[in-house]
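Colleague:
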Amino acid sequence: MPELTIQTERKTQLVNVTAQLEELVASLEGFLVTLFVPHTTAGVLVQAAGDGATKVAGDIEAALEALVDEARPWAHLHEGDGNPWSHIRTALTASSVSIPLADGRLKLGPRQAVFLAEFDGPRERTVHVTVSR
Amino acid sequence: MPELTIQTERKTQLVNVTAQLEELVASLEGFLVTLFVPHTTAGVLVQAAGDGATKVAGDIEAALEALVDEARPWAHLHEGDGNPWSHIRTALTASSVSIPLADGRLKLGPRQAVFLAEFDGPRERTVHVTVSR
Amino acid sequence: MPELTIQTERKTQLVNVTAQLEELVASLEGFLVTLFVPHTTAGVLVQAAGDGATKVAGDIEAALEALVDEARPWAHLHEGDGNPWSHIRTALTASSVSIPLADGRLKLGPRQAVFLAEFDGPRERTVHVTVSR
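Protein chains in written order, with this note's numbering: chain F, 15 to 147; chain E, 15 to 147; chain X, 15 to 147.
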């Protein structure tokens with residue numbers, strides 16, 4: 015099964031994987047691409063690319079960190095595992111997303127990009143890619 | 015590729031698109047409908063319709079506005095783009111959703127409806143519709 | 015259409031349905047499993063299983079309850095329906111998720127499990143299961 019491999023560099027990081035994904039799907043047959051993230055502290059988001067990309071991605075990183083503030087006692091039951099906020103932030107994104115494919119190109123909107131959403135980096139992450147007909 | 019076109023009327027608005035979608039899929043072959051929103055300040059949600067529809071949709075609109083309060087300095091890096099909250103609220107919904115199809119009808123639950131979730135309206139929005147076998 | 019039936023036991027409860035789902039898909043042909051929850055106060059999440067499962071699932075339950083605190087006047091328009099928070103918490107999860115399938119096995123990551131996310135239990139819930147080729 016085709017997959018993407020992504021090395022993340024920060025604890026919380028939206029990594030634009032659009033170019034890597036476009037290259038992978040160019041040779042695949044079908045009309046719907048589904049991404050699945052096999053991790054519990056990373057998800058997937060489709061959000062703004064282009065000139066404003068870094069800024070919007072950074073705003074979303076900051077927002078998810080603020081919504082699930084580490085200062086709050088989220089881990090009311092925890093003993094060993096030390097990063098409940100990483101799991102909770104991931105749960106607010108998605109484990110899968112499906113994007114139409116036409117003539118080997120993702121049918122993204124003109125301002126969209128596909129991001130791996132890392133919440134417990136840096137790590138090496140995988141995204142499974144399935145194409146349906 | 016089939017698509018829906020929706021004219022939104024308010025800045026934050028859950029627009030019930032179920033009837034329009036039912037009409038579109040009635041003539042399509044397959045057993046799984048996938049919606050994809052090609053925008054970065056609008057998403058898709060499946061939520062409560064029926065007599066309580068306006069109320070539940072209104073509660074969700076208010077809740078997403080409250081969770082991502084514009085008074086907070088989300089846009090820590092922003093210079094030009096003025097609506098980080100629109101992107102963040104969208105990231106808390108979904109860019110795609112898949113709904114089973116049987117005999118040309120969406121297999122929604124009895125209380126469910128499909129909503130375009132607008133967070134930077136009013137605008138004209140598109141939803142791509144794919145049917146898989 | 016194949017489906018899971020789940021009896022939930024608490025108001026807010028992440029129920030691990032992985033074993034039940036694995037059993038169901040073992041006999042199905044295809045390479046992508048899509049789950050759809052036909053309810054408006056329950057969703058689906060892929061999150062951490064294993065030794066830490068109860069703890070991480072419990073943290074996510076607590077976090078979604080805290081993010082959408084019942085003490086806050088979410089239901090600004092409500093008259094009859096008394097559980098706006100159940101709908102709002104559901105909207106922060108997902109109504110559908112797609113997971114790759116290979117040789118009749120879900121291609122989950124080693125720490126992942128599939129959860130029905132109940133936000134208005136206890137109830138009997140259904141999850142529709144579709145397999146695409």
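Here a beta-carbon is modelled for each residue, glycine too, at the ideal position from N, C-alpha and C.
If you follow the beta strand (DSSP E) that residue 147 of chain X is part of, which residue opens it and which one closes it?
Modeller: Walking along the third sequence from the start, residue 147 of chain X turns up at place 133. Here residue 147 of chain X belongs to no beta strand (DSSP E), and DSSP marks it neither H nor E.
Colleague: For residue 132 of chain X, report the span of its alpha helix (DSSP H) as first-last.
Modeller: Here residue 132 of chain X refers to the residue found at position 118 of the third sequence. No alpha helix (DSSP H) contains residue 132 of chain X, which is instead part of the beta strand (DSSP E) from 126-132.
Colleague: Mind checking whether the beta-carbon of residue 131 of chain X lies closer than 7 angstroms to any heavy atom of the ligand PLP?
Modeller: You won't find the ligand PLP in this model; it holds no ligand whatsoever.
Colleague: Could you tell me which chain E residues have their CB closer than 7 angstroms to the CB of residue 45 of chain F, listed as they occur along the chain?
Modeller: Numbered from 1 along the first sequence, position 31 holds the residue referred to as residue 45 of chain F. By Cβ distance, chain E contributes 144.
Colleague: With 16 as the cutoff for other CB atoms within 10 Å, does residue 27 of chain E come out buried or exposed?
Modeller: Locating residue 27 of chain E in the second sequence gives position 13, where the first residue counts as 1. The residue in question, residue 27 of chain E, is buried, as its Cβ has 16 or more Cβ neighbours within 10 Å.
Colleague: Closest to residue 191 of chain E by CA distance: which of E:146, E:142 and E:76 is it?
Modeller: Residue coverage of chain E in this structure runs from 15 to 147, which leaves residue 191 of chain E outside it and unanswerable.
Colleague: Roughly how many angstroms lie between the CA atoms of residue 92 of chain F and residue 99 of chain F, to the nearest whole one?
Modeller: Start at 1 with the first residue of the first sequence, and residue 92 of chain F comes out as number 78. Start at 1 with the first residue of the first sequence, and residue 99 of chain F comes out as number 85. A caution first: residue 92 of chain F carries a pLDDT of 49, below 50, which makes its placement in the model unreliable, though a value can still be read off. Taking the CA atoms as reference points, residue 92 of chain F sits about 12 angstroms from residue 99 of chain F.
Colleague: Relative to the C-alpha of residue 87 of chain F, which candidate in X:76, X:87, X:88 and X:96 has its C-alpha closest?
Modeller: Position 73 of the first sequence holds residue 87 of chain F. With distances taken between Cα atoms, residue 87 of chain F lies closest to X:76.
Colleague: Threshold first: 3 residues or longer. Then list the beta strand (DSSP E) segments lying entirely within the stretch 19-88 of chain F, N to C.
Modeller: 27-30, 46-50 and 56-62
Colleague: Measuring only the C-alpha atoms, how far is residue 50 of chain E from residue 24 of chain E?
Modeller: In the second sequence, the residue the question calls residue 50 of chain E occupies position 36. In the second sequence, the residue the question calls residue 24 of chain E occupies position 10. Approximately 21 angstroms between the Cα atoms of the pair.
Colleague: Check whether the Cβ of residue 81 of chain E lies closer than 8 angstroms to any Cβ atom in chain F.
Modeller: In the second sequence, the residue the question calls residue 81 of chain E occupies position 67. For residue 81 of chain E, the answer is yes, since a Cβ of chain F falls inside 8 angstroms of its Cβ.
Colleague: Secondary structure at residue 112 of chain E, three-state DSSP: helix, strand or coil?
Modeller: Looking up residue 112 of chain E in the second sequence gives position 98. Strand, per DSSP.
Colleague: Which residues, in order along the stretch 107-141 of chain F, keep a beta-carbon less than 9 angstroms from a beta-carbon of chain X?
Modeller: 108, 109, 110, 111, 112 and 140
Colleague: Whose C-alpha, out of X:101, X:37 and X:103, is nearest the C-alpha of residue 119 of chain X?
Modeller: Along the third sequence, read from residue 1 onward, the residue named residue 119 of chain X stands at position 105. Nearest option by C-alpha distance: X:37.
Colleague: Would you mind telling me which residues of chain X sit closer than 8 angstroms to residue 59 of chain E, beta carbon to beta carbon, in chain order?
Modeller: Reading the second sequence from its first residue, position 45 is the one you call residue 59 of chain E. The answer, in chain order, is 105 and 109.
Colleague: Under the DSSP definition of a beta bridge, which residues are partnered with residue 140 of chain F?
Modeller: In the first sequence, residue 140 of chain F corresponds to position 126, counting from 1. Residue 140 of chain F is bridged to F:19.
Colleague: Do you know how far the Cα of residue 101 of chain F is from the Cα of residue 84 of chain F?
Modeller: Numbered from its first residue, the first sequence carries residue 84 of chain F at position 70. Numbered from its first residue, the first sequence carries residue 101 of chain F at position 87. Residue 84 of chain F and residue 101 of chain F: Cα-Cα distance of roughly 12 angstroms.
Colleague: From the DSSP output, in three-state form, read off residue 135 of chain E for me.
Modeller: For the purposes of this step, residue 135 of chain E is taken as residue 121 along the second sequence, with counting starting at 1. Here residue 135 of chain E sits in coil by DSSP.
Colleague: I'd like to know whether the C-beta of residue 19 of chain E is nearer than 8 angstroms to at least one C-beta of chain F.
Modeller: Within the second sequence, numbered from 1, the residue matching residue 19 of chain E stands at position 5. Judged by the 8 angstroms Cβ criterion, residue 19 of chain E is not in contact with chain F.
Colleague: Is residue 106 of chain E helix, strand or coil by DSSP?
Modeller: As a working mapping, residue 106 of chain E is identified with position 92 in the second sequence. In the displayed model, residue 106 of chain E falls within a helix according to three-state DSSP.
Colleague: Between the Cα of residue 61 of chain F and the Cα atoms of F:55, F:147, F:134 and F:130, which residue gives the shortest distance?
Modeller: Taking the first residue of the first sequence as 1, we reach residue 61 of chain F at position 47. When each option's Cα is compared against that of residue 61 of chain F, the closest is F:130.
Colleague: Going by the DSSP bridge assignment, what does residue 122 of chain X pair with across the sheet?
Modeller: Looking up residue 122 of chain X in the third sequence gives position 108. Paired residue(s): none; residue 122 of chain X is not in a bridge.
Colleague: Alpha carbon to alpha carbon, what distance is there between residue 29 of chain F and residue 16 of chain F?
Modeller: Here residue 16 of chain F refers to the residue found at position 2 when the first sequence is read from its first residue. Here residue 29 of chain F refers to the residue found at position 15 when the first sequence is read from its first residue. For the pair residue 16 of chain F and residue 29 of chain F, the Cα-to-Cα distance works out to about 19 angstroms.
Colleague: Would residue 96 of chain F be called buried (16 or more neighbouring beta carbons within 10 Å of its own) or exposed?
Modeller: Within the first sequence, the letter at position 82 stands for residue 96 of chain F. Counting Cβ neighbours within 10 Å, residue 96 of chain F comes out exposed, since fewer than 16 surround it.
Colleague: By the criterion of Cβ-Cβ separation under 9 angstroms, what are the contact partners of residue 85 of chain X in chain F?
Modeller: Position 71 of the third sequence, counted from the start, is the residue given in the question as residue 85 of chain X. None at all; the shortest Cβ gap to chain F is about 16 angstroms.
Colleague: Can you list, in chain order, the residues of its chain with a C-beta nearer than 6 angstroms to that of residue 132 of chain F? Leave out the 5 residues immediately preceding and following it.
Modeller: As a first step, residue 132 of chain F is located in the first sequence; it is residue number 118 there, counting from the start. If we look at residue 132 of chain F and ignore the five residues flanking it on each side, its Cβ neighbours are 22, 27 and 56.
Colleague: Quick one: measure Cβ to Cβ for residue 48 of chain E and residue 144 of chain E, integer angstroms, because I've assumed they're closer than 8 angstroms.
Modeller: The residue labelled residue 48 of chain E in the question sits at position 34 within the second sequence. The residue labelled residue 144 of chain E in the question sits at position 130 within the second sequence. That pair is a contact at about 5 angstroms.
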